[in-house]
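Residues -25 to -1, 1 to 357, numbered by mature numbering (1 follows the signal peptide of the UniProt record, and there is no 0), are exactly what the sequence shown covers, in order. Glycine included, every Cβ here is placed at the ideal spot set by N, Cα and C. All values reported here derive from a predicted model rather than from experimental measurement. To start, the structure itself, in structure tokens.
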Amino acid sequence: MDFSLRFMLLIFACAISPLSILSSAQSCSSYSFPNQNTYRACSDLGVLKSFLHWNYDETTGTVEIAYRHALIKSQTWVAWAVNPSRKGMVGSQAFVAHQTSAGIVQAYTSPVTTYGTGLEEGSLSFPVHKISAEFANNEMIIYSTFVLPKNMTTVNHVWQDGPVNEDNSLGMHALTGENVRSLATLDFLSGQTVATKGDGSSNLLFKKIHGGLNMASWGILMPIGVMTARYMKVFTDPTWFYAHVICQSSAYAFGIAGAMTGLYLGGKSEGIQFDAHRYIGITLVILGFLQVLALKLRPNKEHKYRKYWNIYHHGIGYSVLILSIINILKGINILEAVKIWKPIYIAILIFFGIIAAILESWTWNIVLNRRLQTSNDDSVNC
């Protein structure tokens, strides 16, 4: 065999070996457990590289499970939970495992009563006979035996992963992508699994509406209103003023609608807060109200307080622009499911910047020409 052929075979072997390892790690029915346990049924859970194996004793209602969570780092916690009362996270009875900074694998149970849970150890609402876990080859396996509530074979179940902090406390799991799709209905008797839309997934439409309204308000209409006031003043009143008022009033109306959807999402996600995004949003609504109020208190051009009003109005206006850009980018980062929004918004900012530069040059040219014309007229009159 010549060198080139041997080299090609070596490259091929290197290429397929990771795939074979991944395939074996993700298989379900053919998987061999390190402790030689065997299970009559298993299910590929579809998201978060997770698999559930179980034996079910119909006579006693006892379930013996092995929950596998593959391709994770050692600083990751995993959990599988049964929710006897409802779909979703709150009310679920969780089996949790993670590896401490000392390399010790801990496994315990945790009843989830709120979205803000830290997955603290506690007893479940049904008997748990044993629980253990092992971590090897970037895969965590939770073993447990428990008894289902009487006459219950079909359950809602959820599974998750998240970071382990340096103090061994458990951090918040991701709020987008597969982490909001990791729930289903499972029949232990028949083995049938039906995927279910999670709370985060069902709120995705409202998140998009919230983001769209606020981008249209603070990100598009508000800057247009500012540019209208700055660059249309070279024309005769009141054209620029009415255009400015229409843009800003429309922007504020959209902003209020966006704030209302934000409050709705906050109420649906108790314990999950994005404080900086929230407080900047509240600040924008308040500043927007002050701008609307300023229109009612606007003195005429000859009034002695008009220059102070201008400073106040312009200062708040430019503050709103800066805070809007910051908060929209924060919101886009939160809404990872719609990644295309960030480049679109950056493109809009660049477009506004180019238009502003052109209009700045154009309006200054008009102003300087008018001053020159006025100076020439004064010279002629003299």
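Quick one: grab the DSSP three-state call for C3.
Correct three-state label for C3: coil.
Decide if H289 is buried, meaning its Cβ has at least 16 other Cβ atoms within 10 Å, or exposed.
Classification for H289: exposed.
Tell me the DSSP bridge mates of S117?
Residue 117 is actually Ile in this sequence, not Ser. DSSP lists Y42 and A108 as partners of I117.
Which residues share a DSSP beta bridge with G137?
Partner(s): W52.
Can you tell me which of the three DSSP states D250 falls into?
Three-state DSSP puts D250 in a helix.
In chain order, what are the residue ranges of uninterrupted alpha helix (DSSP H) at least 4 long that sit wholly in the segment 162 to 221?
DSSP runs (the alpha helix (DSSP H)) wholly in the segment 162 to 221: 174 to 177, 179 to 189 and 197 to 206.
Can you tell me whether V342 is buried or exposed, with buried defined as 16 or more other CB within 10 angstroms of its CB?
Label assigned to V342: exposed.
With DSSP as the reference, label N131 as helix, strand or coil.
Looking at N131 - three-state DSSP - the assignment turns out to be strand.
Please go through the same chain and pick out, in chain order, the residues whose beta-carbon is closer than 6 Å to the beta-carbon of W337, but skip the five residues on each side of it.
None.
According to DSSP, what are the bridge partners of W29?
Answer is A16 and I40.
Going by DSSP in three states, L310 sits in which element: helix, strand or coil?
DSSP places L310 in coil when its eight states are reduced to three.
Determine the direct distance from the alpha carbon of N302 to that of L238, and round the result to whole angstroms.
Between L238 and N302, the C-alpha separation is close to 16 Å.
CA-CA distance, G242 and E109?
Whole-angstrom Cα-Cα distance: 37 Å.
Could you spell out where the beta strand (DSSP E) holding S85 opens and where it closes?
Unbroken beta strand (DSSP E) run through S85: V80 to P86.
So the candidates are V130, L334 and F264; which of them puts its Cα closest to the Cα of L227?
The sequence shown places Tyr at residue 227, not Leu. If we check each option's Cα against that of Y227, F264 comes out closest.
Are the CB atoms of V65 and F121 nearer to each other than 8 Å?
No, the Cβ-Cβ distance between V65 and F121 is not below 8 Å.
Alpha carbon to alpha carbon, what distance is there between Y6 and L304?
Each residue's alpha carbon lies about 44 Å from the other.
Enumerate in chain order the residues of its own chain whose CB-to-CB distance from T203 is below 7 Å, with the five nearest sequence positions on each side excluded.
The residues are W215, A218, H219 and C222.
Among the residues of its own chain, which have a CB less than 7 Å from the CB of I(-5), if the five just before and after it don't count?
Residue placement at I(-5) cannot be trusted, given a pLDDT of 36 that sits under 50; the coordinates are not used to answer.
Using only alpha-carbon positions, find the residue among Y31, P318, I315 and A41 that is nearest to I106.
I106 has its Cα closest to that of A41, out of Y31, P318, I315 and A41.
Is Y287 close to the ligand GTP? I mean its beta-carbon at under 7 Å from any heavy atom of the ligand.
This structure simply doesn't include the ligand GTP, nor any ligand for that matter.
Check whether the segment 146 to 163 and the segment 187 to 199 touch, using three or more Cβ-Cβ pairs below 8 Å as the test.
The answer is no - the segment 187 to 199 does not touch the segment 146 to 163, with fewer than three Cβ pairs under 8 Å.
For the candidate residues V103, I116 and S299, whose alpha-carbon lies nearest to that of W134?
Minimum Cα distance to W134 is reached at I116.
Going by C-alpha to C-alpha distance, which of T349, I329 and F70 sits closest to H44?
Ranking T349, I329 and F70 by Cα distance to H44 puts F70 first.
What do you get for G175, buried or exposed, if any count of 16 or more other CB atoms within 10 angstroms of its CB means buried?
With a pLDDT of only 48 at G175, under the threshold of 50, the placement of this residue in the model should not be trusted, and no figure is reported.
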